[in-house]
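Trainee:
Protein chains: 2
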Amino acid sequence: MSSDAGLSRWGWGHADREPTESERLDLKRQVETRLGFPERPLLSMPDDDPEVPESRVDPPFHFCTTDPDARARHTYGKGYPDLVRGFHGEYGPAPDAVARPEAASEIPDLLLWASEEQVAVVPFGGGTSVVGGVECTAPRYAGVVSLDTRELDAVLEIDHTSRAARVQAGATGPELNAQLAEEGLQLRHYPQSYEFSTFGGWVATRAGGHFATRYTHIDDFVESVRAETPVGPLETRRLPASGAGPDPNRFLLGSEGAFGVITEGWVRVQPRPRHRSRATVRFDDFWDGVAATREVVQARLSPANCRLLDPSEAMLNELADDGSSLLLLGFESLDGPTAGDLERALASCADHGGEWDDPIHRGPSHEGDAGGTGATADGDGDDDERSGTEGEWRSSFVEAPYRFNTLVSIGVLVDTFETAVTWDRFPDLHEAVRENVGAAMREQCGAGFLSCRFTHVYPDGPAPYYTLLAPAEPGTELEQWRPIKQAASDTLDAFGATSTHHHAVGRVHRDHYHREIPDSYLDALRSMKRTLDPEGIMNPGALL
Amino acid sequence: MSSDAGLSRWGWGHADREPTESERLDLKRQVETRLGFPERPLLSMPDDDPEVPESRVDPPFHFCTTDPDARARHTYGKGYPDLVRGFHGEYGPAPDAVARPEAASEIPDLLLWASEEQVAVVPFGGGTSVVGGVECTAPRYAGVVSLDTRELDAVLEIDHTSRAARVQAGATGPELNAQLAEEGLQLRHYPQSYEFSTFGGWVATRAGGHFATRYTHIDDFVESVRAETPVGPLETRRLPASGAGPDPNRFLLGSEGAFGVITEGWVRVQPRPRHRSRATVRFDDFWDGVAATREVVQARLSPANCRLLDPSEAMLNELADDGSSLLLLGFESLDGPTAGDLERALASCADHGGEWDDPIHRGPSHEGDAGGTGATADGDGDDDERSGTEGEWRSSFVEAPYRFNTLVSIGVLVDTFETAVTWDRFPDLHEAVRENVGAAMREQCGAGFLSCRFTHVYPDGPAPYYTLLAPAEPGTELEQWRPIKQAASDTLDAFGATSTHHHAVGRVHRDHYHREIPDSYLDALRSMKRTLDPEGIMNPGALL
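Respectively, the protein sequence lines represent chains A and B. Here my numbering is used: position 173 in the first sequence is 173, and no number is missing along the way. Position in the second sequence counted from 1, then plus 1000, gives you my numbering.
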């Protein structure tokens, strides 16, 4: 059984990236001076000996363990409440055992046993859920087993003709792309969790990648999926498209382990894009940036990057500090030059008062073509894009979750929430979010900071993504966090926005999700669950 | 109640387009000389007095009728078996009554009554199903009511900011676009049935439009849907995107009336494209055309038209008669010139031996810009594209279903079937289809003609569309047709192709569909149906 020892038990990412004293002092100084927060404490770092409750089960399988460290590591995802509890050494909801099968063929017996013994099974990929997707207390069950898929990490087959690959669910982004790179291919899907999250997790949660338009959700890359359910396998046919009935892939996409565990799938892959163009546009007024962004996407241009950062977000990411909003625009193409598309997008920006420095173009006809097909450490192979604002942004994008570790360790409440809404409703929604979440932060914490960016944009609406920071009282962080999160969810719901664009539902968004979907559809989903999971063992409490 | 008197009762389209004697003689001559079929008869045209069985129900609603002509007109769709039976005046499966509500609010009472009385309800839009989607005998029911939605034909609301419109289910293509055109917008979705089929029917059957890539299925245009089910409304939230659970829109898309009747939805609309480029490429060898087509779509170019016609298809459509295959390539854009994209596609064609005449470009910077935003009679507003091969193709595309009427009237068996399959499997599938369907036609009819085109293409595979013609024996057409259709479906299934890319499942493809999807998924869909339609009244026998 592989070890997770290289990873932080309580925080995001690698153990050797847990915050150092100097990083903590530096960030403490920044939140105190730049955000004006009251003096923050340097909290005691977690000790090395996690305490978990006694295990209630003893699964009769060689691939299962009740080791306390393994159980602690499978207790939470990586949301703020998870980090806080892990930081304080609270592992009460730890699963009773961890299963880490070495072959998908070992899973049916586990599900059979769990169904018979009334043991809940919680699929676990990268454990990067920020919505309580892998945390399961299930008091009415005989126990809980966390089913870790990460030994199932192979690319099993590549169809070069159709540009598709059959991959196992437990492969992380880098594992998947390293295997594909040997054949000159990539799965160009880069969620922020890319380094740790798994293909199966992406499918189960409808993960959003870093593309702003067109190929945004993993949904767009999936040709077929196989899941093991308690009543047997559910494997869809590999097809480029179909018009036959409600799409079975779309049923497993977003299923969040509630019907079964995803074990593999066929995905659409491609060579590395040869052409790229990008520019960073400054707007004095955020709403001018919104209007320009809408115009670009409604012209049916398809930028790979089209991230609009409000002044707070630009400041937080150290990209601008003068009250400007920034639009990060990038185009890429396998085939032909992208400069024309960028120019068309920039013309829209100019119409709305945007300003930019020289655009940057990369490709066979430009200097600076990096060539090659390999993935780099941050996963997207874009080693030619490491300079300038775009490079700083990408670095900030990958580093941001690490900063959460540090913030938790200095008593700062930090969370993000995201949604999608039609353009007509966005201005009112945005104003209400700023007002309501701001008020909740002030009430709970005496102060607060809120920033917004668009992570994805569609012809009919943006996907705004909010980051909030507030000074927390160590020991009562979750009591302070809950009303703030509630204010955010209630506001999104009141304006008809979705409970989540790409963070998934899990347990944290479940109430909002149930308000969002029609009652009759929820009933129908529950009837499907009863059919596929008659004993209700699959991730109880998530989604449904 | 509107009358359908202007429409043919038995055949495709308008009554005044039923085949004339000279059209029949002309086509008879053509199939005898060009296809080498034995001498075809001029069958007696249908008489005007359809005989339908006695009605078994008397629905207590002002919007219902048991008029024999109305019942005859709601008996069938427009597939070959439908045309043949209508032509011969066989209306045994006629519904017992036709409901044509004038408001969606009248539907819940109808469904309640039908549930109580055990009367089957069959949603009916344009009645253009070619898969038995609206034909329901339901012997175990107390009766059958055809629920015609065509009075619900309004565009209810337009959101210009988000470029979306709320439309009722019963609007046909021209009705919908005429209302949108008043606001300078279009729903650019043009299935071959466009003139008669309805928005609700498109959603229920996951209709495919004339775009070859990207915005192909109606699925891509739908923001939200509302359906009435026997247990109440199922209305999804209007969202540009979401990552919350299995997508409820995708559950209604392809539902084929089996869970409820679609009454309205929000769709993404857009202004008329300002730029177009097109060319027709000739290939001596079909497989060179296949390779070029694959290269174009795998370069992630997004042609609006990318139809590859094999030599038989080119001949049938009178576009080429020398054994060439043709690739009809077209690009369109709201925003910038399309010439560059076309040139890049043509470069791929050249690499595979393709040849073409001068490409044609339309747009603000070219002569011949047609301007305007109105939809024309054939629905796609492309009145600037009526010349050359492309124009002939479009005319042929719209006229083809009328030719079916004429063929039926001269004893020619005519059918089409379509699928989608990954590129790696297409060559073997294509060979097997030609062999097996050819053999079945020879066995049943002594001769046969089969042609193929790609209607849609994806990076991972094409959607091939086959047309078959064979000399039929009047009176036994369906006995001859069934084994031929079976050979087609069995071959598609054997090679892992889908039962349908855009013709839907209905009753004709149901067995194939049940082999295509996992058993556990079929069980799950059935459990959803029991939840939403406890008495099983909704379109029994279709899909599930």
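The beta-carbon is built from N, C-alpha and C at its ideal position, and this holds for glycine as well.
Considering just the uninterrupted stretch of the alpha helix (DSSP H) at A:F514, what are its terminal residues?
Mentor: Reading the sequence as shown, one finds His at residue 514 of chain A and not Phe. For A:H514, the uninterrupted alpha helix (DSSP H) segment begins and ends at R510 to E516.
Trainee: Bridge partners for B:H1217 per DSSP, in chain order?
Mentor: In the DSSP secondary-structure assignment, B:H1217 is bridged to B:G1208.
Trainee: If you follow the beta strand (DSSP E) that B:L1234 is in, where does it begin and where does it stop?
Mentor: G1232 to E1235
Trainee: Relative to chain A, which residues along the stretch 1223 to 1246 of chain B have a C-beta separation below 8 Å, given in chain order?
Mentor: E1223, T1229, V1231, G1232, P1233, L1234, E1235, T1236, R1237, R1238, L1239, P1240, A1241, S1242, G1243, A1244, G1245 and P1246
Trainee: So the alpha helix (DSSP H) A:Q298 belongs to, where does it begin and stop?
Mentor: That run of the alpha helix (DSSP H) goes F286 to Q298.
Trainee: In whole angstroms, give me the CA-to-CA distance for B:G1461 and B:R1294.
Mentor: If you draw a straight line from the Cα of B:G1461 to the Cα of B:R1294, it is about 8 Å long.
Trainee: Hey, does A:L176 have any beta-carbon neighbour from chain B nearer than 9 Å?
Mentor: It does not: the Cβ of A:L176 has no partner Cβ on chain B nearer than 9 Å.
Trainee: Can you round the beta-carbon distance between A:T407 and A:V398 to whole angstroms, since I take them to be within the 8 Å contact cut?
Mentor: In the sequence as presented, Thr is not what sits at residue 407 of chain A; that position holds Leu. Wrong, their Cβ atoms sit about 16 Å apart, outside the cutoff.
Trainee: Interface residues of chain A around B:G1496 at Cβ under 9 Å?
Mentor: R237, R238 and L239
Trainee: Please report the distance separating the alpha-carbon of A:P230 from that of A:G125.
Mentor: 19 Å
Trainee: Can you tell me whether A:A15 is buried or exposed? The criterion is at least 16 other CB atoms within 10 Å of its CB, across all chains shown.
Mentor: exposed
Trainee: Pop quiz: B:V1145 and B:V1031 are said to be a contact at Cβ under 8 Å. What is the actual Cβ separation, rounded to whole angstroms?
Mentor: Not confirmed; about 40 Å, so no contact.
Trainee: When burial is assigned at 16 or more other CB atoms within 10 Å of the CB, is A:E545 buried or exposed?
Mentor: What the structure shows of chain A is the stretch from 1 to 544, and residue 545 of chain A is not part of that stretch, so it cannot be assessed.
Trainee: Is the stretch 1228 to 1243 of chain B in contact with the stretch 1278 to 1288 of chain B, if contact means three or more CB pairs nearer than 8 Å?
Mentor: no
Trainee: Looking at the structure shown, is A:H430 part of a helix, part of a strand, or coil, going by DSSP?
Mentor: helix
Trainee: In terms of residues, what are the limits of the beta strand (DSSP E) holding B:A1114?
Mentor: B:A1114 -> not in any beta strand (DSSP E); alpha helix (DSSP H) instead, spanning I1107 to E1117.
Trainee: Tell me whether A:G438, by its Cβ, gets closer than 8 Å to a heavy atom of the ligand NAP.
Mentor: This structure does not include the ligand NAP; it has no bound ligands of any sort.
Trainee: Taking the beta strand (DSSP E) that B:E1332 belongs to, which residues open and close that run?
Mentor: S1325 to S1333
Trainee: Using Cβ-Cβ distances below 8 Å, what residues of the stretch 445 to 465 of chain A are close to chain B?
Mentor: H456, Y458, P459, D460, G461, P462 and A463
Trainee: Scan the stretch 290 to 319 of chain A for residues whose Cβ lies nearer than 7 Å to a Cβ of chain B and list them as they occur along the chain.
Mentor: Q298, A299, R300 and L301
Trainee: In terms of alpha-carbon separation, which member of A:I484, A:N177 and A:L152 lies closest to A:A164?
Mentor: A:N177
Trainee: Would DSSP call A:T500 helix, strand or coil?
Mentor: coil
Trainee: When we look at the beta-carbon of B:G1079 and count the other beta-carbons within 10 Å, is it buried (16 or more) or exposed?
Mentor: The Cβ neighbour count for B:G1079, taken over all protein chains shown within 10 Å, is at least 16; the residue is labelled buried.
Trainee: Tell me whether A:E228 sits in a helix, a strand or coil according to DSSP, three-state version.
Mentor: strand
Trainee: Under 7 Å between beta-carbons, which chain A residues line up against B:W1423? List them in chain order, please.
Mentor: Those are T161 and S162, listed as they occur along chain A.
Trainee: Does the separation of the CB atoms of A:G243 and B:T1205 fall below 9 Å?
Mentor: Result yes, Cβ atoms of A:G243 and B:T1205 sit closer than 9 Å.
Trainee: Got a sec: is the Cβ-Cβ distance from A:T198 to anything in chain B below 9 Å?
Mentor: no
Trainee: Comparing the C-beta of B:D1369 with each C-beta of chain A, is any distance below 9 Å?
Mentor: Reliability fails at B:D1369, whose pLDDT of 38 lies under 50, so the model's placement of it is uncertain and the value that follows must be treated cautiously. Not an interface residue.
Trainee: Is it right to say A:G11 is buried, meaning 16 or more other beta carbons lie within 10 angstroms of its own, or is it exposed?
Mentor: buried
Trainee: Could you tell me which residues DSSP pairs with B:A1463 in its beta bridges?
Mentor: B:H1456
Trainee: Is DSSP giving B:D1159 helix, strand or coil here?
Mentor: strand
Trainee: Taking the DSSP output, what are the residues bridged to B:L1007?
Mentor: DSSP, once it has assigned bridges, lists B:H1014 as partnering B:L1007.
Trainee: Give the residues from the stretch 1499 to 1520 of chain B that approach chain A closer than 9 Å (Cβ to any Cβ), ordered along the chain.
Mentor: For the stretch 1499 to 1520 of chain B, the set of residues with a beta-carbon nearer than 9 Å to any beta-carbon of chain A comprises S1499, T1500, H1501, H1502, H1503, A1504, V1505, H1509, H1512, Y1513, E1516, I1517, P1518, D1519 and S1520, in chain order.
Trainee: Beta-carbon within less than 6 Å of A:Y465's beta-carbon, same chain only, minus the 5 sequence neighbours each way: which residues are those?
Mentor: E418, R453 and T455
Trainee: Does B:F1251 get closer than 9 Å to chain A when you measure Cβ to Cβ?
Mentor: Under the Cβ distance rule, B:F1251 counts among the residues neighbouring chain A, one pair being separated by less than 9 Å.
Trainee: For a contact defined as C-beta to C-beta under 7 Å, what are the partners of B:A1524 on chain A?
Mentor: Neighbourhood of B:A1524 in chain A, by CB distance below 7 Å: M528, T531 and L532, in chain order.
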